[in-house]
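Visitor: For the sequence shown, my numbering assigns the number 1 to the initial residue and increments by one for each residue that follows.
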Amino acid sequence: MRHVAIVGSGPAGYYTAETLQKADDIAIDVIDRLPVPYGLIRTGVAPDHQSIKAVSRRYEGVALTDNVRFVGHVSVGTDVGIDELTSLYDAVVLATGAPHDRPLDIPGAELPGVIGSAAFVGWYNGHPDFAKLDPPLDAPGVVVVGNGNVALDVARILAKTPEEFAGSDIVSHARAALSDSAVREIHILGRRGPHQIAMTPKELGELGHLERASPRVDPADLPDEGADAMLEPGMRKSVTHLRSFAANPVAKPVTIEFDFFAMPVRIEGDGRVERVIVERTTLDADLRSHGTGETYAIDAGLVISCIGYQTPPIPGVPYEHGRGRFASDEGRVLPGLYAVGWARRGPSGTIGTNKPDGTRIAEMVLEDIGRGAGKAGRAALDALLASRGIVPVTFRDWRKIEAAEIAAALDGNPREKFTSVEAMLAAIGR
Ligand code: NAP
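#1: Return the bridge partner residues of Ser214 from the DSSP annotation.
#2: Closest to Thr295 by C-alpha separation, out of Gly269, Gly271, Asp259, would be which residue?
#3: Going by alpha carbons, who is nearest to Tyr89 out of Thr353, Arg345, Leu337?
#4: In three-state DSSP terms, what is Thr161?
#5: Identify whether Gln310 lies in helix, strand or coil by the three-state DSSP scheme.
#6: Could you pull out every residue in the same chain whose Cβ sits closer than 8 Å to the Cβ of Met364, ignoring the five residues on either side in sequence?
#7: Is the closest heavy atom of the ligand NAP to the C-beta of Ile307 under 6 Å?
#8: Can you list, in chain order, the residues of its chain whose CB lies under 8 Å from that of Gln196, leaving out five sequence neighbours each side?
#9: For Glu320, which residues of its own chain have a beta-carbon under 6 Å away from its beta-carbon, when the five flanking residues on both sides are left out?
#10: Have a look at Pro233, Ala166, Glu402, Val276 and flag the residue whose alpha-carbon is nearest the alpha-carbon of Asp48.
#11: With distances taken Cα to Cα, identify the nearest neighbour of Asp129 among Gly39, Asp29, Pro194, Val154.
#12: Helix, strand or coil: which one does DSSP assign to Arg430?
#13: Could you check the C-alpha separation between Lys400 and Ala427 for me, to the nearest Å?
#14: Looking at Arg156 and the ligand NAP, is the gap between the Cβ and the nearest heavy atom below 6 Å?
#15: So what does Glu268 bridge to, in DSSP terms?
#16: List the residues that DSSP assigns as beta-bridge partners of Val263.
#17: Going by Cα to Cα distance, which pick from Trp342, Arg102, Pro249, Glu232 is closest to Ser117?
#18: Alpha carbon to alpha carbon, how far is Pro107 from Met230?
#19: Within 6 Å: the Cβ of Ser348 and any heavy atom of the ligand NAP?
#20: Quick one: which unbroken beta strand (DSSP E) runs of 3-plus residues sit fully inside the region 131–197? Chain order, please.
#21: Take Ser75 as the anchor and find which of Val391, Lys22, Ala198 has the nearest alpha-carbon.
#22: Considering only heavy atoms of the ligand NAP, does any lie closer than 6 Å to the CB of Ala5?
#23: Pick out whichever of Leu302, Pro35, Glu18, Lys252 has its Cα sitting closest to the Cα of Pro356.
#24: Leaving out the 5 sequence neighbours to the left and right, which residues in its chain are closer than 7 Å to Asp25 when beta-carbon positions are compared?
#25: Leaving out five residues on either side along the sequence, give the residues of the same chain with a beta carbon under 7 Å from the beta carbon of Gly205.
#26: Grouping DSSP H, G and I as helix and E and B as strand, with all else coil, what is Thr86?
#27: Can you tell me whether Val55 sits near the ligand HEM, meaning its C-beta is under 6 Å from at least one heavy atom of the ligand?
#28: Can you list, in chain order, the residues of its chain with a C-beta nearer than 7 Å to that of Thr65? Leave out the 5 residues immediately preceding and following it.
#29: Do Ala362 and Thr16 have their C-beta atoms within less than 7 Å of each other?
#30: Nearest by alpha-carbon distance to Val154: which of Asp134, Leu133, Phe120, Met199 is it?
#31: Any heavy atom of the ligand NAP inside 6 Å of the beta-carbon of Asn354?
#32: How many Å lie between Asn248 and Lys237 at the Cα?
#33: List the endpoints of the continuous beta strand (DSSP E) containing Tyr38.
#34: Should His209 be labelled buried (16 or more other beta-carbon atoms within 10 Å of its own) or exposed?
#35: So the beta strand (DSSP E) Ser387 belongs to, where does it begin and stop?
#36: For Ile31, which of helix, strand or coil comes out of DSSP?
Shown next, in the form of structure tokens:
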């Protein structure tokens, strides 16, 4: 028997398990520090994007195969060490994603009211680490930093009416806070221009269909239309949306203003954020942004930086600090240790990008481990955890938690998530 441990039960973890479980004589343990599986599908993908979240059914199919086991509520690094795992399993695959925000490194970023997207997204998605975030929504202005899809998710969630969350699984605490929100002017800051956005057309187009909010683009920021011809088709579509926003400013109570060529340089406020000082930028021949020295201020009670994520380092595991990911040779980190998904590539691509990635790493693992080295595998992990008084959450337990979440759903929503580990464990009688 060959034994593989996958650390992290998000898309990269389950796509890796999906390929591995088709091999003979293999036992796969998918370990997660939370009692609930699916990582970013549960706590990253926006709650109003249920069609994307539906991919969890595919992961469930993998989880329910005989040779795959979910080992929840076990924290690698605390409950069990990486070195222990590599001694027990033929291969250990790090599928830990990139759950930490890249820091917004400007003066004032430490003020209350400045938060990263991991925290804000985690808050509205009910991640236990961020359920108590309580973001300040009491001022009209919000600054969202970054021109990627996460910035779009954040702006859209801030702009929606309570009714527009029908059918979503936004958690009650977030829906209640957002329905009392005083937010009226959302600024999305891009340090470069419309041709350099990292926003996909479907997500950008959604901003044009919001009930009480309308997107605004300054026509002066748009390059000549002829220049769009050189863009790849998806990007051209995105820019077409921006052109349409610029051409048809609709009067609605909430505005989502795209501030292009705009780089935050300082955050000011007396005890909390009150305004962001923004420097206008220009691009050089390599399309890098540079400050022009000209600044303006945006009044804001909340700043959310959506400037990318990083994987937390693990002591003893090679790490690329500049890229915020594990250092690997195409996925091989150390003998017996691999990385996949965002932990390997850095935080880019869609959920689907993890499928070929998972397949490739699984094939690499199978090639490397051959028939296995007679390692003790899951029986030894169970004994080790038991000796430490740790009782993992099984997939069967998770399904009980899930059933309780579905039963608690309000107004036809798919589920009402538990937002603390204690509540998740209580649902399985612990
Ligand atoms: P992203 O796509 O890498 O975008 C990050 C943005 O932050 C870029 O516009 C970048 O600008 C900007 N930025 C970086 N450092 C900055 C700084 N110091 N100051 C100002 N701006 C800065 O990252 P993301 O939005 O976090 O998304 C992560 C991945 O998840 C992406 O692949 C995204 O497509 C995916 N995602 C997909 C969906 C969906 O499909 N619905 C939803 C959410 C996320 P520069 O270009 O100038 O560096």
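Virtual Cβ for every residue (Gly too), placed ideally from N, Cα, C. What you are looking at is a predicted structure, and each value in this text was computed from that prediction instead of being measured.
Guide: According to the structure shown:
#1: Thr255
#2: Asp259
#3: Leu337
#4: coil
#5: strand
#6: Glu330, Gly331, Arg332, Tyr338
#7: yes
#8: Asn147, Gly190, Leu283, Leu287
#9: Ala327
#10: Ala166
#11: Gly39
#12: coil
#13: 7 Å
#14: no
#15: Arg275
#16: Sequence inspection shows Met at residue 263; the Val mentioned does not correspond to that position. Per DSSP, Glu279.
#17: Arg102
#18: 38 Å
#19: yes
#20: 141–145, 185–189
#21: Val391
#22: no
#23: Glu18
#24: Met1, Arg2
#25: His241
#26: helix
#27: Within the structure as shown, the ligand HEM is missing, the only ligands being the ligand NAP.
#28: Gln21
#29: yes
#30: Phe120
#31: no
#32: 17 Å
#33: First-last for Tyr38: undefined, no H or E at that position.
#34: exposed
#35: Element bounds for Ser387: not the beta strand (DSSP E) but the alpha helix (DSSP H), 378–387.
#36: strand
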